[in-house]
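Scroll down for the structure; my scribbles are underneath it.
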Amino acid sequence: MTHDKDFKRLVRTRMAETGETYTAAQAALRSVSERGGPAAGSRPRPRSTPNERAGHRPIPRDARIFVSGHAGLVGVALLRRLRAEGFTNLLTARRDQLDLRDQAAVNYWFRANRPEYVFLVAGTVGGVLANSTRPAEFLYDNMMIHATVVHASHLFDVDKLLYLGSSCVYPRGAAQPITEDALLTGPLEPTNAAYALAKIAGIRLCSSYREQYGCDFISAMPTNVYGPGDNFDATGGHLVPMLIRRFDDARQRGDREVTVWGTGKPRRELLHVDDLAAACLFLMERASQEGFVNVGTGRDLTIREIASLVRDLVHPGANLVFDTSMPDGVPRKVLDVSRINGLGWAAEIDLNDGLQSMVDWYRTADHVRGLEINADPDADAA
Ligand code: GDP
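Under our numbering, the residues of the sequence shown are numbered 8 to 389, in order.
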């Protein structure tokens, strides 16, 4: 890592002196080093190769790792995974301690904490209704959060950053299953276009910093994620928590009919958050590439089928009633996961088991519904 940093510094000095781009300065320094040994006492290592060729580059267990968005669904699972893997130096910042939309504050935090690895999983998120009714917030918050963290990671020489995008970045009409190269080939789904645009900008931000400054910033595109710690807020939540809550409420009231939004015909792929956390760590240690990688199961079901699975776990025998006045969203978005499978990672958690774990969490959690539902009890420790 130190050698990479030394080399980067040399490249930047040369860029300043010659006005060359990062790639040109890097190539020139490489050729000097190949002809006459390392320049100016540096011992440059080869740059990260495309992930098909890159091996395992384990993160030192005591490395300073910043999980931005540690109190959200993905962040909580990621912290859990990192702790289980023996990482001891996990950095977090609560929203009231650090506004990730504020570049000066983020720079200050990076200067003080000097993270070496960054998982950028923070963002303003929500289900189809929240996305379509709060587009300004979804676009502004996410653009700002992604820009400040990526920029500070460059300024303060972070060794590696993993940025979490979303499968909604792909065009509404993309061929299914969706491959990574479908990005920017057609119009977006209107119900979440604002969020998707911010996410697309984030992907481009990572690849641009890689191209211009040689930063090892990578991106992953997860499909729809669910699991313990999800947001059960009555209007803002995603499909699975909303179904669990509605079936459970109906069970307690003794209602036989449960409303499901839309026609029930769209199809969704569901990835358990613990699988996503495992994939994030896997990619952080094994992938270094220009492009980005889909993360999913590669399998999808109709909303009717998903609602039936939840019904059978929470309130067997209830009838589904479809409210077609509510939005269907994109008709289908199942990811082609051959790239990540080719790297050696595949989702492991069976959907029924995953749903059951979420129902158990929902029923036993101490949280009052809608209050502090995402909070990580250990969040302040870091
Ligand atoms: P999306 O996958 O980005 O569209 O986000 P969601 O997780 O909100 O899933 C939306 C899909 O689930 C749409 O087809 C909705 O019509 C359907 N759906 C059915 N019931 C619900 C519900 O109670 N809440 C939400 N958010 N979606 C629902």
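Ideal Cβ placement from N, Cα and C applies to all residues, glycine included.
None of these values were measured; they are calculated from a predicted model.
Among the options, which one has its Cα closest to the Cα of residue i?
i: L350; options: A34, H63, V232; result: H63
i: G130; options: V156, N120, N114, Y115; result: V156
i: Y216; options: P197, W368, A154; result: A154
i: F289; options: L169, P197, Q33, A205; result: L169
i: V283; options: G324, G172, Y124; result: Correcting the residue type first, residue 283 is Leu in the shown sequence and not Val. The shortest Cα separation from L283 among G324, G172, Y124 belongs to G172.
i: I347; options: I207, S139, G303, A159; result: G303
i: E149; options: A200, Q259, R253; result: The amino acid at residue 149 is misidentified as Glu; the sequence shows Asn. Ranking A200, Q259, R253 by Cα distance to N149 puts A200 first.
i: R101; options: N301, D223, V74; result: V74
i: L136; options: M151, A112, W268; result: W268
i: K206; options: E218, C287, R90, F299; result: F299
i: L212; options: T242, G193, I152; result: I152
i: Q363; options: V113, D335, L316, L89; result: L316
Between which residues of its own chain and residue i is the CB-CB distance below 8 angstroms, once the five residues before and five after are set aside?
i: M365; result: Y233, G234, P235, D237, V247, P248, I251
i: A189; result: Y177, P178, A181, A182
i: A325; result: F254, A257, R258, D262, R263, E264, V265, R318
i: A143; result: A201
On the criterion of 16 or more Cβ atoms from any shown chain inside 10 Å, does residue i qualify as buried, or is it exposed?
i: Q104; result: exposed
i: Y202; result: buried
i: E312; result: exposed
i: V344; result: buried
i: P273; result: buried
i: N359; result: exposed
i: G44; result: Annotation note: pLDDT 39 at G44 (below 50); position unreliable, no value reported.
i: P229; result: buried
i: T25; result: exposed
i: Y115; result: exposed
i: N58; result: With a pLDDT of only 41 at N58, under the threshold of 50, the placement of this residue in the model should not be trusted; the figure read from the coordinates follows. Classification of N58: buried, given that the 10 Å Cβ count is 16 or more.
i: T242; result: exposed
Could you check how far apart the C-beta atoms of residue i and residue j are, in whole angstroms? I think they sit under 8 angstroms.
i: A257; j: H322; result: 6 angstroms
i: I66; j: Y124; result: 6 angstroms
i: R339; j: Q183; result: 5 angstroms
i: D166; j: D109; result: Incorrect: roughly 24 angstroms between the Cβ atoms, too far for contact.
i: F406; j: C287; result: In this structure the chain extends from 8 to 389, so residue 406 is not present and cannot be described.
i: E276; j: N231; result: 6 angstroms
i: A294; j: I225; result: 6 angstroms
I'd like the list of long-range same chain contacts for residue i, defined as Cβ closer than 7 angstroms, with 5 residues on each side in sequence excluded.
i: Y220; result: Y29, H161
i: N96; result: D69, A70, R71, I72
i: R60; result: Low local confidence applies: a pLDDT of 41 at R60 is under 50, so the model's placement there is unreliable, and no value is given.
If I measure Cβ to Cβ from residue i and keep anything under 6 angstroms in the same chain, skipping five residues before and after, which residues do I get?
i: S49; result: Bear in mind that a pLDDT of 36 at S49, under 50, signals an unreliable position, so the model cannot answer this.
i: G244; result: G134, N238
i: L80; result: G236, D237, V280
i: G271; result: I310, R311, F329
i: M291; result: L169
i: T186; result: D343
i: Q33; result: V18
i: F117; result: A159, F163
i: D106; result: A112
I need the boundaries of the beta strand (DSSP E) containing residue i, first residue and last residue.
i: D330; result: 326–330
i: V74; result: 72–75
i: K272; result: No beta strand (DSSP E) holds K272; DSSP gives it neither H nor E.
i: P229; result: 224–229
i: Y170; result: 167–171
i: L277; result: 277–279
Considering residue i, what are the terminal residues of the alpha helix (DSSP H) in which it resides?
i: A116; result: As written in the sequence, residue 116 is Trp, which differs from the Ala given in the question. Counting along the chain, the alpha helix (DSSP H) containing W116 begins and ends at 110–120.
i: V337; result: Segment: none, V337 is in no alpha helix (DSSP H) and carries neither H nor E.
i: Y216; result: 200–220
i: H63; result: H63 -> no alpha helix (DSSP H), and no H or E assigned at all.
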